[in-house]
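Notes follow the structure.
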Amino acid sequence: MAAFGSFALLIALALAAYNLLAGALALRLIAVGQPARISPERLADTARRAGIAGFLAITAAAFALIWSVFANDFSITYILEHSNRALPAAYKFSALWSGQEGSLLLWAWLLGIYGFVLRLTHKTDVKLYAYAGTILAGIQVFFLLVLNFAAPPFALLRGAIPDDGNGLNPLLQYPEMVIHPPMLYLGYVGFSVPFAFALGALMMRYPGEKWIKVTRVWTLVTWLFLTAGIFLGMHWAYAVLGWGGYWGWDPVENASFMPWLTGTAFLHSVMMQEKKGMMKSWNVWLIFSTFMLTLLGTLLTRAGLVSSVHAFAQSSIGTWFVVFMGIVLAVCIFTYVLQRGHLKSEQHLESLVSRESSFLFNNLVLLTACFVILWGTLFPILSEYVVGNKVTVGAPFYNRVAVPIGLFLLFLTGVGPLLPWRATSFKSIRRNFVLPVIALWVTVVVCLAVGVRPWKDGAFSSGDFYALVAFAVSAAVMTAILSEFLRGAGVISRQTGRNLLVGTWLLTRRNTRRYGGYIIHIGVVIVVVGLAGSAFNQSQERELGLHDKLLIGPYTLECIGFTQDSNLNYNSEYAMLDVYRDGKKQFQMTPEKRVYLASNQPQTMVAIHSLPSWDLYVVYEGTNPDTGQPIIKAFLNPLVGWIWAGLVVMVFGTFVALVPSLSPATASLRVPARTVPTEPALKGGL
Amino acid sequence: MATPLRFAFWFRAVQALVLAVAVCFSMGATDSSARYHDLNHRLMCTCGCAQLLGECNHVGCTESGQELSELRSDIASGMTDKEIFAAFTAKYGATVLAAPTTQGFDLVAWIAPFAVFGAALLGTILLIRRWSGLAGAKALASAPDPAIDDPADRERREKIRRETGSDGGF
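Chains A and B, in that order, are what the protein sequence lines are. Residue numbering for the first sequence follows our numbering, beginning at 4 and increasing consecutively. Residue numbering for the second sequence follows our numbering, beginning at 1404 and increasing consecutively.
Here is the structure:
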């Protein structure tokens, strides 16, 4: 199977190279109108078919690797290092992305899938799709070169073949690890598609804004995958790493967040281009930057440029990525300089206070946040280079710098939708903002009254201050969005005689893109509330003998025993803890510590009891070598569940935004020719 | 007469709100462990786990226990935060601090984000002003004939069209 896999990768490389060269030649011939022995259109079609065949070849290689994992073929070095006989079947799949070679193969395979779909749907716009397909082939050539010559997944072991493998990294033996990396990769790889369309449209001087409409679904789906991937990673970190948190500002976490920020900025600013023909150059560079940031993320993950907890994937293929990023940047700059005349647009705004301006500020804040994260991630390297002194840039830096920017962004999330396009009046501002402002101040007063106070011990507590601001702004934003829904739903309700709920449903169906976007904003607000809860985390740690008790928040944890278990994959120790509240037993928790046999590595399995108000999070840390007593660490983490609930709302909102609107909205707005429409009708977006 | 009365009402309302907030802010609880928690979240564990000292949870970690006990004794001995950081840096190196200091080249780490944000904010405002100016000039050049259409009606129709487009986005 190793020979089959290697051969499949070579075939895939040859096909991708043909796709790139033949596609480029055909497009060149079409562009200059030069007669040739073979029709350029037919040549382009052979290139497209080569791309489809290339996808089949990469699929064969991925199949070969998975087959080899299941067949326990330890003659392949990759399988030896990332699997073992006792590894459960689900985790054998995750061996595909647990190491560098496998994850690069996954990348190439996903790129092949995206390319396959793109090439099958080429009739949407044959020429534009031919450009995009050729550019995707160029990216594919790079990954296949790396897979064939720098990081071959089917490299054979030299010497005697062991009976069993080294096993999968215990950190990866968790259900979410079966879906988190593919999700993240679908997001990373997916941005290749809008990148290819943007670059292709620029190369061919594509008329109008149609390419944006064509790529909208691709961009939104990709953004959805990246969002879900990031949140799944957070949940994995929370449930597996056992430190009670979900985001550590690790360089690799940052690397996934940066393209998300620029991608989000693109999704907003692209509306300016669609509606007003503005910011064409800006949008092109946003999507170029997003794609390059996905490469940078992979470079950081693979090259070990910065120290990270994701050390399992480090290697020396960074140079390949640096060179490729250099080529991509050069192509982007060259194409832009050559075709920039095509991107000239009418730049006109009528007011500083308008929807257009809010999009500009939104982009400003998102890109500043991206810069801050990039700066913090790379500053240790810069410091070492400039003054020879390596420093750490950790959570305290980001909390001070990125959190205020995030809160400003949250503020814009609420303000933006309340501002009409072009210009607004003071009267309109007062009418739209009175409720959100009231909600903001009421929340401030309530929070202060219940103990969320920035001053404790006579000292300023930035965590509590940010939490207070986050709660207050969240309340204001939520009020603003809900009032937008209610205004529109009220008008429909009055027009149709249906109730408000049906009115809201009809309103959303008539403009899914706008109201899907609002639902995503609601999800963001819910996530922010959950994040703000971290300011009030509590933790307790102590050795617990039989019937010893640990108090945390309203709970009392009583140890009622310890036990052990084992299977072919790992040995485990459990602590059994009865949890009491107000003197009554509520439930039992069983935090666990495993030692995986193949790798002899320990791993905690956290016990979590989730409520909307907080998570009770218990870690069995093992036994104290001096006393022999088990050590239990308990956390009470307020509002964590809101983060995951917020993700669900964001995903739902994205699906809504992806669904086509029911009918042209204007057709359903039956306003008599000379009737003055009501303000709610104007704002409601019927 | 209605306007001054309304102004007075809002002025009093804001006054009451500020007072309520000030009263609530002034009420604070005392927590003696807050400083220890704060400091162990501004230092790194040096075992190589890349985690904050207060969050390192490795079973049998050889570094975090020692660092935490040093931190406790430093606090107990009355050292200031600055002195504690200096002692840790002298012993473990600059990477023990979880964030750059505010001295020397480290200061650049703190200044750059705000400088970039400030410059970008200024640039955005100037851009909007410039584009607004262009729009104003164009509007003057192509002002519609008021006899053909009522501006208020036209504006309303424009607004409906913009706000209700089926693919109109936000």
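A virtual CB, placed ideally from N, CA and C, is assigned to each residue, including glycine. Bear in mind the structure is a predicted one, so any value in this text is a computation, not a measurement.
When the options are compared against residue i, the one with the closest alpha-carbon
| i | options | result |
| --- | --- | --- |
| Val-1511 (chain B) | A:Phe-382, A:Thr-80 and A:Glu-561 | A:Phe-382 |
| Leu-560 (chain A) | A:Val-390, A:Leu-341 and A:Ala-610 | A:Ala-610 |
| Gln-176 (chain A) | A:Asn-640, A:Lys-636, A:Asn-627 and A:Gln-606 | A:Gln-606 |
| Phe-194 (chain A) | A:Tyr-117, A:Leu-150 and A:Phe-294 | A:Phe-294 |
| Glu-595 (chain A) | A:Gly-102, A:His-85 and A:Thr-566 | A:Thr-566 |
| Arg-40 (chain A) | A:Ala-29, A:Ala-34 and A:Asp-568 | A:Ala-29 |
| Leu-148 (chain A) | A:Arg-52, A:Glu-104, A:Ile-33 and A:Tyr-573 | A:Glu-104 |
| Pro-439 (chain A) | A:Trp-458, A:Gly-417 and A:Tyr-558 | A:Gly-417 |
| Val-394 (chain A) | B:Leu-1529, B:Gly-1521, B:Glu-1458 and B:Leu-1446 | B:Leu-1446 |
| Gly-1507 (chain B) | A:Val-389, A:Val-449 and A:Val-652 | A:Val-389 |
| Tyr-191 (chain A) | A:Ala-11, A:Thr-225 and A:Met-579 | A:Thr-225 |
| Ala-63 (chain A) | A:Ile-82, A:Phe-145, A:Phe-10 and A:Ser-42 | A:Phe-10 |
| Leu-298 (chain A) | A:Gly-280, A:Gly-321, A:Leu-580 and A:Phe-119 | A:Gly-321 |
| Leu-187 (chain A) | A:Gly-236, A:Leu-174 and A:Ala-201 | A:Gly-236 |
| Leu-46 (chain A) | A:Gly-57, A:Tyr-21 and A:Pro-407 | A:Tyr-21 |
Cβ neighbour criterion (16 or more within 10 Å) applied to residue i
| i | result |
| --- | --- |
| His-550 (chain A) | exposed |
| Gly-391 (chain A) | exposed |
| Arg-358 (chain A) | buried |
| His-271 (chain A) | buried |
| Ser-1480 (chain B) | exposed |
| Ser-613 (chain A) | exposed |
| Trp-70 (chain A) | exposed |
| Arg-2 (chain A) | The shown model of chain A, from 4 to 689, leaves out residue 2 (chain A), and the question about it has no answer. |
| Asn-540 (chain A) | buried |
| Ser-386 (chain A) | buried |
| Val-447 (chain A) | buried |
| Lys-587 (chain A) | exposed |
| Arg-161 (chain A) | exposed |
Alpha carbon of residue i to alpha carbon of residue j, nearest angstrom
| i | j | result |
| --- | --- | --- |
| Ala-538 (chain A) | Glu-544 (chain A) | 19 Å |
| Leu-1525 (chain B) | Ser-292 (chain A) | 22 Å |
| Arg-597 (chain A) | Trp-221 (chain A) | 42 Å |
| Val-1519 (chain B) | Phe-488 (chain A) | 36 Å |
| Glu-277 (chain A) | Glu-212 (chain A) | 6 Å |
| Ala-452 (chain A) | Glu-1466 (chain B) | 41 Å |
| Tyr-117 (chain A) | Ser-97 (chain A) | 21 Å |
| Thr-1492 (chain B) | Cys-1448 (chain B) | 12 Å |
| Cys-1464 (chain B) | Leu-413 (chain A) | 39 Å |
| Asn-366 (chain A) | Met-261 (chain A) | 13 Å |
| Val-437 (chain A) | Leu-421 (chain A) | 11 Å |
| Thr-1527 (chain B) | Leu-171 (chain A) | 50 Å |
| Ile-290 (chain A) | Leu-90 (chain A) | 40 Å |
| Trp-617 (chain A) | Leu-377 (chain A) | 32 Å |
| Pro-457 (chain A) | Phe-463 (chain A) | 6 Å |
| Arg-513 (chain A) | Gly-656 (chain A) | 14 Å |
| Gly-168 (chain A) | Arg-1438 (chain B) | 48 Å |
| Gly-491 (chain A) | Val-662 (chain A) | 19 Å |
| Gly-548 (chain A) | Gly-631 (chain A) | 9 Å |
Chain B within 8 Å of residue i, Cβ atoms only
| i | result |
| --- | --- |
| Ala-398 (chain A) | yes |
| Phe-315 (chain A) | Because the pLDDT at Phe-315 (chain A) is just 49, under 50, the model does not fix this residue reliably, and the value given afterwards should be weighed accordingly. Closer than 8 Å: no. |
| Ser-9 (chain A) | no |
| Phe-364 (chain A) | yes |
| Ser-386 (chain A) | yes |
| Glu-595 (chain A) | no |
| Asp-585 (chain A) | no |
| Glu-487 (chain A) | no |
| Glu-353 (chain A) | yes |
| Leu-413 (chain A) | no |
Whole-Å CB distance - residue i paired with residue j, under 8 Å assumed
| i | j | result |
| --- | --- | --- |
| Gly-536 (chain A) | Val-643 (chain A) | 7 Å |
| Pro-1516 (chain B) | Phe-374 (chain A) | 7 Å |
| Tyr-599 (chain A) | Asn-572 (chain A) | 7 Å |
| Phe-234 (chain A) | Leu-650 (chain A) | 4 Å |
| Gly-232 (chain A) | His-183 (chain A) | 6 Å |
Residue-chain proximity (residue i, chain D), Cβ-Cβ < 8 Å
| i | result |
| --- | --- |
| Gln-1469 (chain B) | The displayed structure is made up of protein chains A and B, and chain D is not among them. |
Short CB-CB distance (under 8 Å) between residue i and chain A
| i | result |
| --- | --- |
| Thr-1505 (chain B) | no |
| Met-1482 (chain B) | no |
| Ala-1502 (chain B) | yes |
| Ser-1472 (chain B) | no |
| Ala-1453 (chain B) | yes |
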